[in-house]
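K.L.:
2 protein chains.
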Amino acid sequence: MKVLVTGVDGYSGWPLALHLLHRGHEVVGIDNLVTRRRVAEVGSQSATPIRSMSQRAKSVQKVLGKTLRFYRGDLCQWEFVRDLVRKEKPEAIVHLGEQRSAPYSMIDVHHAVQTQVQNLTGTLHILYAIREESPKTHLVKMGTMGEYGTPNVDIPEGFFEIEYRGRKDKLPFPRQASSWYHWSKVFDTGDVMLANKIWGTAATDVMQGVIYGTRTPDIDRPDFLTRFDFDEVWGTALNRFCVQAVLGLPLTPYGKGQQKRGFIALEDSMQSLTLSVEHPAAPGEYRVFNQFDESYSITDLAQLVVKAAREDLGVEAEIHNSYNPRVEAEEHYYQPHHENLIRLGYHHLRELRQSLTEILTDLQKYRSRIESHRHVVMPRMNFRSPDNRDPLHIPAEKA
Amino acid sequence: MKVLVTGVDGYSGWPLALHLLHRGHEVVGIDNLVTRRRVAEVGSQSATPIRSMSQRAKSVQKVLGKTLRFYRGDLCQWEFVRDLVRKEKPEAIVHLGEQRSAPYSMIDVHHAVQTQVQNLTGTLHILYAIREESPKTHLVKMGTMGEYGTPNVDIPEGFFEIEYRGRKDKLPFPRQASSWYHWSKVFDTGDVMLANKIWGTAATDVMQGVIYGTRTPDIDRPDFLTRFDFDEVWGTALNRFCVQAVLGLPLTPYGKGQQKRGFIALEDSMQSLTLSVEHPAAPGEYRVFNQFDESYSITDLAQLVVKAAREDLGVEAEIHNSYNPRVEAEEHYYQPHHENLIRLGYHHLRELRQSLTEILTDLQKYRSRIESHRHVVMPRMNFRSPDNRDPLHIPAEKA
């Protein structure tokens, strides 16, 4: 199959491209490379020393004897997107090319607007390009489990059958996002549903949990490393805990640490996306996959990292709960379903415990890169503040 | 009270400003005047000969002896919005300043992106301006009943209590919009909910039905007329039926004509919005009002217009169902609730039958203005087509 991966320079885009190539697919990748700049904007860098996109493409040729065709471009440019889809006519587009950080969207009004505008514009452009240039293309669009929020009922995969005042219907499950970024993903979901309704665009909408890990079989070489962010804006809680453990700092769960989320290993996320591509939605079908393996509370995660640090590094880490910069329920019910991918043959390959060993080992290896940026791990911003540029030391001009 | 009305040059913005002035409020109006240009873009004009905004402001001074402070500006300009809210610190902002046409958003990719980007950017700017400059300001935000779609269950006011798999929660009612425009209104709703959650922004979210009518007591003078659109892009079905009847054309409901919507008279919409302003949401409160009086099917409406044309004009109009350019269920259950406004003292003032007489009389008076634009009444576009510029004769450059 020919697969177009947007956001191919990103944490999951890059290993996905390699995995698809390994599986014998033809891969076209696009990226505007803006995440590298934005991570630098908040004073951070990837813990792993990643290669430039052009070096990566060269390594693919040299090591795998395959070609990754890379286009540098911006999904907000309609002509670029249209011409690319017209030229390539991919069988699938895996759309990962979005601003992916909730804290980034909460920095100030400009980051809020930029996140929502750019994410929805890119998605609309892809939907129109598919409709106009390649209507059979299957869209695999990356959403987030965070779209659902933390309701007091089970979370189904996209839709639920309900009875209300004596009548029944199958309706989209209500979305309750908790950042401008999370709402931008809800907006994408709405737009994909509409494209499916008016044009019959075949789409798989992936509600993804938090991804963790530094390794997949495909990226297990220095020139194939993928990025690993650990600052408060771009890094996940798990990433920050691992970096804190390696640096001998206390682990700092936000608030009570009882907030639960769904998690999935990077390798398993690649497995899921590849299954979605290889078992496409039928013509006219819109389907939703909740893509995660296990739910953990933030405190569970911190305790697992403490244990791994002790066993793997001989380091005794402590847990100090910090203030919570986010606006979220700290204690809540959390029971999302995830059966659709399992029905396609998905099976959990990589355990969190194993991944923790790999992450901690890799962070030890690149210790100097995190040591020099240790100040970015702790929270400085507050989701309730309308302007977080000062604590982040971001110049006050428009983003 | 000091009230800021965005979109004050529009169909409901202008009579709202006059109504608020009559009620003794101080009114500041803003508009970028873009609707006038956009109606011209599709080859149409208001059936009523409306005055320019500067003439309107002068008439207010002369006739009412009151001042309507008007700012021409764009809600997509952050500094404009921030500075205005900083300077005026209104007690309420009634936010009507959005692109309000579903067909306009479906013209092509540029109109789709423009609608969603501009609508959500304006709303985000208002939310941030309130938070940063005037946090006690009550936001009354105009949504649409169309956000809910046509589910097979009753439509509550914003939230519903459900039981799902043995557990209960009160959740936002699922949204199922049927155009890029309608989704843009859902996006606004999400952003207002989040601002309420993180900042406690007091907000009234108005899910408004289709408004009809050419008169309210406040606009009953030639220099106070509000606009009346009748083309397929900017006019409602009722408006088009009235124009067709006056021109001796058959009335053309889309498809089977069994699609139902909620309707409200212009005067009653002004009453509702004024009630919302005068009985503001409490600090930290987010409330949703479904703002309509009666539900009618499109065929009901056409038959009512036929009857009114016969009785009032002595004209025998026919009904010819046309193809349906929209993507909507043509037969469906429709039972939305509307109790919150009634609890505030709302009572239905103007009947549809009376409004039809007024509309038909006014259209007779301005007959030459619709006669010269009779070609814009019939549908030329198709919501399933990704590019409707040709049928609308819109130049192919970017919107």
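Residue numbers (our numbering), protein chains in the order written: chain A, -1 to 397; chain B, -1 to 397.
Cβ coordinates follow ideal geometry from the N, Cα and C atoms, glycine included.
Note that the structure is predicted; figures quoted are calculated from it, not measured.
1. Once the 5 residues before and after L236 (chain A) are set aside, which same chain residues still bring their CB inside 6 Å of it?
2. Taking K398 (chain A) as part of the beta strand (DSSP E), name the residues at either end of that continuous run.
3. Any beta carbon from chain B within less than 8 Å of N288 (chain A)'s own beta carbon?
4. Considering G253 (chain A), what are the terminal residues of the beta strand (DSSP E) in which it resides?
5. To the nearest whole angstrom, what separates the beta carbons of M140 (chain A) and L94 (chain A), a pair I think is in contact under 8 Å?
6. Taking a cut of 7 Å between CB atoms, which residues from the region 127 to 156 of chain A lie near chain B?
7. Quick one: what's Y146 (chain B) bridged to in DSSP?
8. In this structure, how does DSSP classify P323 (chain A) when only helix, strand and coil are distinguished?
9. Using a Cβ cut-off of 7 Å, pull out every chain A residue sitting near F239 (chain B), in sequence order please.
10. Could you check where the beta strand (DSSP E) with L169 (chain A) kicks off and where it finishes?
11. Our contact map puts R21 (chain B) next to T272 (chain B) with C-beta atoms below 8 Å; I'd like the distance itself, whole angstroms only.
12. So which residues on chain A does K195 (chain B) lean against when the C-beta distance must stay under 8 Å?
13. In three-state terms, what does DSSP make of S383 (chain A)?
14. Following the continuous alpha helix (DSSP H) through H23 (chain A), name the residue where it begins and the one where it ends.
15. Let me confirm a value: E145 (chain A) is counted as buried when at least 16 other C-beta atoms fall within 10 Å, else exposed. Which label applies?
16. Cα-Cα, which of A:A243, A:V184 and A:K183 is closest to D310 (chain A)?
17. Helix, strand or coil: how does DSSP classify I392 (chain A) here?
18. At a Cβ cut of 8 Å, what residues of the region 375 to 393 of chain A count as close to chain B, listed as they run along the chain?
19. Would you verify that the beta carbon of L118 (chain B) is, or is not, closer than 8 Å to some beta carbon of chain A?
20. Measure the alpha-carbon distance for Q362 (chain A) versus G71 (chain A) and round it to whole angstroms.
21. Which of the three DSSP states is assigned to M140 (chain A) in this structure?
22. Relative to the C-alpha of G246 (chain B), which candidate in B:A200, B:I296, B:V304 and B:F226 has its C-alpha closest?
23. Go through the region 60 to 100 of chain A residue by residue and report every complete run of the alpha helix (DSSP H) that reaches 4 residues or more, in order.
24. Keeping to the same chain, check which residues put their C-beta closer than 6 Å to that of F381 (chain A); ignore five residues upstream and five downstream.
25. Quick one: what does DSSP say Y332 (chain B) is sitting in, helix, strand or coil?
26. Quick check: the region 99 to 114 of chain A against the region 41 to 61 of chain A, are at least 3 beta-carbon pairs closer than 8 Å?
27. Under 9 Å Cβ-Cβ, which residues of chain B neighbour H123 (chain A)?
28. Measure the C-alpha to C-alpha separation of E349 (chain A) and M379 (chain A) and round it to an integer number of angstroms.
29. Quick check on the DSSP output: what are the complete beta strand (DSSP E) runs of length 3 or more inside the region 261 to 314 of chain B, in order along the chain?
30. State yes or no: is the beta carbon of D167 (chain A) nearer than 8 Å to at least one beta carbon in chain B?
31. Nearest to E292 (chain A) by CA position, among A:Q206, A:V275 and A:V26, is which residue?
32. Looking at chain A, is there any beta carbon in it that lies within less than 8 Å of the beta carbon of V184 (chain B)?
33. Using CA coordinates, which residue listed in A:S10, A:D7, A:D81 and A:V58 is at the minimum distance from R219 (chain A)?
34. Expressed to the nearest angstrom, what Euclidean distance is found between the alpha-carbon atoms of H123 (chain A) and V107 (chain B)?
35. Check whether the Cβ of D203 (chain B) lies closer than 8 Å to any Cβ atom in chain A.
36. If you compare alpha carbons, which of B:V375, B:L66, B:S383 and B:F78 is closest to I128 (chain A)?
P.N.:
On the basis of the coordinates in this document:
1. Y210 and L299
2. Given a span of -1 to 397 for chain A in the structure shown, any question on residue 398 (chain A) remains unanswerable.
3. no
4. Here G253 (chain A) belongs to no beta strand (DSSP E), and DSSP marks it neither H nor E.
5. 5 Å
6. R129, E130, P149, N150, V151 and D152
7. Partner(s): none; Y146 (chain B) has no beta bridge.
8. coil
9. Going along chain A, no residue has its Cβ under 7 Å from F239 (chain B), so there is no contact; the nearest lies around 25 Å.
10. R165 to P170
11. 6 Å
12. S176 and V325
13. coil
14. Neither: H23 (chain A) is in no alpha helix (DSSP H) and is coded neither H nor E.
15. buried
16. A:A243
17. coil
18. F381, R382, P384 and D385
19. yes
20. 35 Å
21. strand
22. B:V304
23. 76 to 86
24. M104, P323, R324 and V325
25. coil
26. no
27. V107 and V111
28. 32 Å
29. 284 to 289 and 292 to 295
30. yes
31. A:Q206
32. yes
33. A:V58
34. 7 Å
35. no
36. B:S383
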